[in-house]
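Read the structure below first, then the notes.
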Amino acid sequence: SLKAGSSTLAFSIDTGFTKQKIDPAKGYLLASVVSNGVTLDQRVFYFRKPKDLILPKAKPVFSLDSSGTVLSINSKVLIKNLGLLANGNDQFELNYFDILPGAESRIQLPAGIAGKEIKLEAEFLNDKKGINTFEILKTK
30 SLKAGSSTLA FSIDTGFTKQ KIDPAKGYLL ASVVSNGVTL DQRVFYFRKP KDLILPKAKP
90 VFSLDSSGTV LSINSKVLIK NLGLLANGND QFELNYFDIL PGAESRIQLP AGIAGKEIKL
150 EAEFLNDKKG INTFEILKTK
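And the structure:
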């Protein structure tokens, strides 16, 4: 148990070990805080600066929930620094974030987008070409 406003080292990793097992330009460390089987927080740590990472080719998959207000995003590979535009609007509750392989991220669409056809554009570090138009999504 920790006192409020204090900290303690909970875990450490020998970096010599990680260099032998993980290519620092391709690998990352996912740290999770779990209590009673519930994940309280997760952080991704990279061994290189973003510009020095070797990232796989990625194709995010987008879908809308039944209300047409929440965007789901997933990918088979890591997507680094995903930035989104919906009809030119970048005011998502979260933008420029990472998508981990096989994990789904759900974010609220910007205000005023629901009920319209959405031109969804994305940019991410995996793709050096810049902004890509992925698809037109129809909301309810």
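Going by this note's numbering, the sequence shown opens with residue 30, and the numbers climb by one from there.
Cβ coordinates follow ideal geometry from the N, Cα and C atoms, glycine included.
Going by C-alpha positions, N103 is about 16 Å away from D156. Straight-line measurement puts the Cα of S61 at about 17 Å from the Cα of L107. In the DSSP assignment, A60 falls within the beta strand (DSSP E) that extends over Y57 to S64. By the CB criterion at 8 Å, A54 and T98 fall outside the cutoff. Taking the CA atoms as reference points, Y75 sits about 20 Å from L123. Judged by DSSP in its simplified three-state form, G112 adopts strand. In this structure, the alpha-carbon of G56 lies about 19 Å from that of K88.
DSSP links N103 through a beta bridge to V90.
Here D52 carries a coil assignment [DSSP, helix/strand/coil]. The Cβ atoms of P130 and K105 sit closer than 8 Å to each other.
Cβ neighbours of L58 within its own chain (closer than 6 Å, five residues either side excluded): F74.
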